[in-house]
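Following: one structure in structure tokens, then a few remarks.
In the numbering used here, the protein residues as written are 792 to 1028.
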């Protein structure tokens, strides 16, 4: 099975993103959510490496008690250290991205002040459950990451992350034979739960699907690609 599957072509729908909001008020904010260990930081890392040569980007990560994800991205060389900020939420991850996003909004303000020309700002949530969503005040576009190793039943469990995210990423397809997950079942259930909202099967460890996700973000944000296809080498560490 190909790693790219969707209810419609992988392109930004008319409702995905708010490019007018971005142009008027700074960078296009991309929220990346999902359960613990699904591949949120891996996705953020690979998108940064794919886009950094052609676009002005930065990252805000969320962890409850540490800044582990920000430190990982710094060690991996995803971006220059000053373009990566870690937020310690001190409580439930979804609170800091939905009910009271003030700590993240403050971090956004600081990052924009530091880099006035920012085009894309990734905001990675701490690991959370299927009910986690981003406040529209915080994120212009939401990507929700699940992984095959959690079982092929996850898409049909629903929840806002599954049903309402702008893009659902089903990661670690290489593990399907090892955990007995049926990708056909996940495809069927994702189509049923999401309707026309797109989703992708990916193997981020091998960069499979990164280019398609990057293209989706750029289109949704009304951001020029700038010959990005010629710079795929940016996905390399």
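Beta carbons are placed, not taken as given, at the ideal position from N, Cα and C, and that holds for glycine.
So what does DSSP say about residue 876, is it helix, strand or coil? strand
Keeping to the same chain, check which residues put their C-beta closer than 6 Å to that of residue 861; ignore five residues upstream and five downstream. 852, 875 and 877
Coarse secondary structure for residue 929, derived from DSSP in three states: coil
Complete alpha helix (DSSP H) runs within the segment 821 to 890 (minimum length 4 residues, chain order): 831 to 842 and 859 to 867
Are the beta-carbon atoms belonging to residue 993 and residue 960 less than 9 Å from one another? yes
How many Å lie between residue 941 and residue 996 at the Cα? 17 Å
Identify the residues that DSSP records as bridge partners of residue 958: which are they? 934
Is the separation between the beta-carbon of residue 943 and that of residue 977 shorter than 9 Å? yes
Going by DSSP, what residues sit across from residue 915 in a beta bridge? 823 and 852
Classify residue 947 as helix, strand or coil using the three-state DSSP reduction. helix
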